[in-house]
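The next block holds one structure in the form of structure tokens; read it before the comments.
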Amino acid sequence: MISSVRGFFKAGTPSYDEEKELLKDLKAKQFEKQLSTLRQMLLPLFKSDPSQSHDDKSLRRFLTASGDVEAAYADILRYNHWRKNQAVDSLAPNDPDILENLAIGFVHTLRIKDVMGRPVLYVIVRKHQANNRDLEKLIKFTIYMLEMTIKRMDEQVNDSICLVFDLLHFSLANMDYPFVKRLVWLLTRYYPERLGVCIIYNAPVLFQGCWPVIRHWLNEKTASKVVFVNSKETMSEYLELDGLPPQDIGEGEEEEEEEEEEEEEEEEEENNDDVDDVDDDDDDDDDDDDDDDDDDDDDDEESRG
């Protein structure tokens with residue numbers, strides 16, 4: 001009798017994995033209920049002003065980020081006010097502030113997407129000078145670039161972005177703490193759940209002193225999305241290297257410079273051989289000195305070209 005009772009309780013007790021699945025299902029149902037409540041709360045606003053409406057994907061992002069219906073509702077109202085106040089929908093590439101930063105060439109929206117289908121925003125940090133920028137203009141430009149990246153998104157595949165900071169040849173002159181802090185604030189408050197992964201590429205030892213300051217501004221969820229990549233092999237697990245900015249593929253840039261130097265050395269050796277051949281011809285025929293000198297000059301000019 002006792003053994004049969006034990007068997008009953010044992011059979012009726014869910015395993016650890018089953019408990020996890022049950023809890024997951026419960027949370028999913030609770031989330032859907034919260035989403036429905038949030039949708040109903042915002043419905044009057046959306047009907048009165050369709051320009052302020054959000055689709056379900058957007059509502060999900062705000063609700064996921066806040067974890068609370070009332071907080072998500074307040075965040076969406078604040079977001080709508082911010083977009084209108086900042087004229088986000090009117091930002092254009094011919095805006096002087098945006099043109100100024102585009103000309104620097106330190107931020108790119110890549111033609112490729114990462115392995116998860118996310119559009120890529122690529123920042124070449126060494127081209128940014130922290131002491132030679134207007135912070136408000138830079139924030140305006142950053143909003144524009146985020147908007148352009150999001151427009152390249154296929155939300156049916158992935159509704160987040162891949163953000164890359166390439167720290168090749170990084171120096172402290174490039175470290176812009178006020179901007180980074182504003183960027184974190186911007187992504188957290190106005191672009192919740194838009195960051196899929198943040199890749200810190202080619203970080204030098206020098207950056208180890210900067211990272212703790214930045215890490216302090218990140219919540220645990222955002223920090224978990226940051227990965228450090230220091231080789232092309234590892235980077236290829238996230239992005240196609242051929243799609244990165246031409247001169248800015250990390251180690252490859254240094255390899256290209258070495259190859260160019262080797263090619264120049266080979267050209268110099270070939271030119272020296274040509275000069276030796278001409279000198280031999282001069283010994284055989286002194287009457288052709290002028291012609292040989294002209295040929296030497298032509299060869300030198302061609303090698304320089």
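Residue numbers (full-length UniProt numbering): 1 to 305. Using N, Cα and C, we set each Cβ at its ideal position, and we do this for glycine too.
Alpha-carbon spacing of R194 relative to P14, whole angstroms: Within the sequence shown, residue 194 is the residue found at index 194, counting from 1. Within the sequence shown, residue 14 is the residue found at index 14, counting from 1. Going by the C-alpha atoms only, they are around 36 Å apart.
Y177, buried or exposed, once every other Cβ within 10 Å from all chains shown has been counted against 16: Residue 177 sits at position 177 when you count from the first residue of the sequence shown. Exposed is the call here.
Helix, strand or coil at H81 according to DSSP, with G and I counted as helix: Numbered from 1 along the sequence shown, position 81 holds the residue referred to as residue 81. It is helical.
I249 versus F46 - alpha carbon distance: Start at 1 with the first residue of the sequence shown, and residue 249 comes out as number 249. Start at 1 with the first residue of the sequence shown, and residue 46 comes out as number 46. With a pLDDT of only 44 at I249, under 50, the local geometry of the prediction cannot be trusted, and the value read off the model is given with reservation. About 45 Å.
Contact set for V226: own chain, Cβ-Cβ below 6 Å, skip 5 residues either direction: Position 226 of the sequence shown, counted from the start, is the residue given in the question as residue 226. Excluding residues within five positions, the ones whose Cβ falls inside 6 Å are C198.
Length of the line joining the Cα atoms of I104 and F141: As a first step, residue 104 must be located in the sequence shown, where it is residue number 104. As a first step, residue 141 must be located in the sequence shown, where it is residue number 141. Cα to Cα, I104 sits roughly 12 Å from F141.
C210 versus N94 - alpha carbon distance: Numbered from 1 along the sequence shown, position 210 holds the residue referred to as residue 210. Numbered from 1 along the sequence shown, position 94 holds the residue referred to as residue 94. Roughly 34 Å separates the two Cα atoms.
Within 8 Å, strictly: CB atoms of T109 and V69: As a position in the sequence shown, residue 109 is number 109, starting the count at 1. As a position in the sequence shown, residue 69 is number 69, starting the count at 1. Between T109 and V69, the C-beta spacing is not below 8 Å.
Buried versus exposed call for R61 [16 or more other C-beta atoms within 10 Å across all chains shown]: Position 61 of the sequence shown holds residue 61. It is buried - the Cβ of R61 has at least 16 other Cβ atoms within 10 Å.
Cα-Cα separation between H216 and Q129, rounded to whole angstroms: Against the sequence shown, residue 216 aligns to sequence position 216. Against the sequence shown, residue 129 aligns to sequence position 129. The alpha-carbon atoms of H216 and Q129 are separated by roughly 23 Å.
For D97, the first and last residue of its enclosing alpha helix (DSSP H): The residue you call residue 97 lines up with position 97 of the sequence shown. Element bounds for D97: 96 to 104.
Exposure label - E201; buried when at least 16 CB within 10 Å: Within the sequence shown, residue 201 is the residue found at index 201, counting from 1. With the sequence shown as reference, residue 201 is identified as Tyr, and Glu is not the correct amino acid for it. By the neighbour-count rule (16 or more Cβ atoms within 10 Å), Y201 is buried.
Cα-Cα separation, P246 to T234: Position 246 of the sequence shown holds residue 246. Position 234 of the sequence shown holds residue 234. One C-alpha to the other measures close to 18 Å.
For V180, three-class secondary structure by DSSP: Against the sequence shown, residue 180 aligns to sequence position 180. Helix.
Neighbourhood of T188 by C-beta distance below 8 Å, restricted to the same chain and skipping five residues each side: For the purposes of this step, residue 188 is identified with residue 188 of the sequence shown, where counting begins at 1. Only A65, N219, T222 meet the Cβ criterion.
Residue span of the alpha helix (DSSP H) that contains R61, given as start and end: What you label residue 61 is simply residue 61 of the sequence shown in a count that begins at 1. From DSSP, the alpha helix (DSSP H) with R61 extends over 56 to 66.
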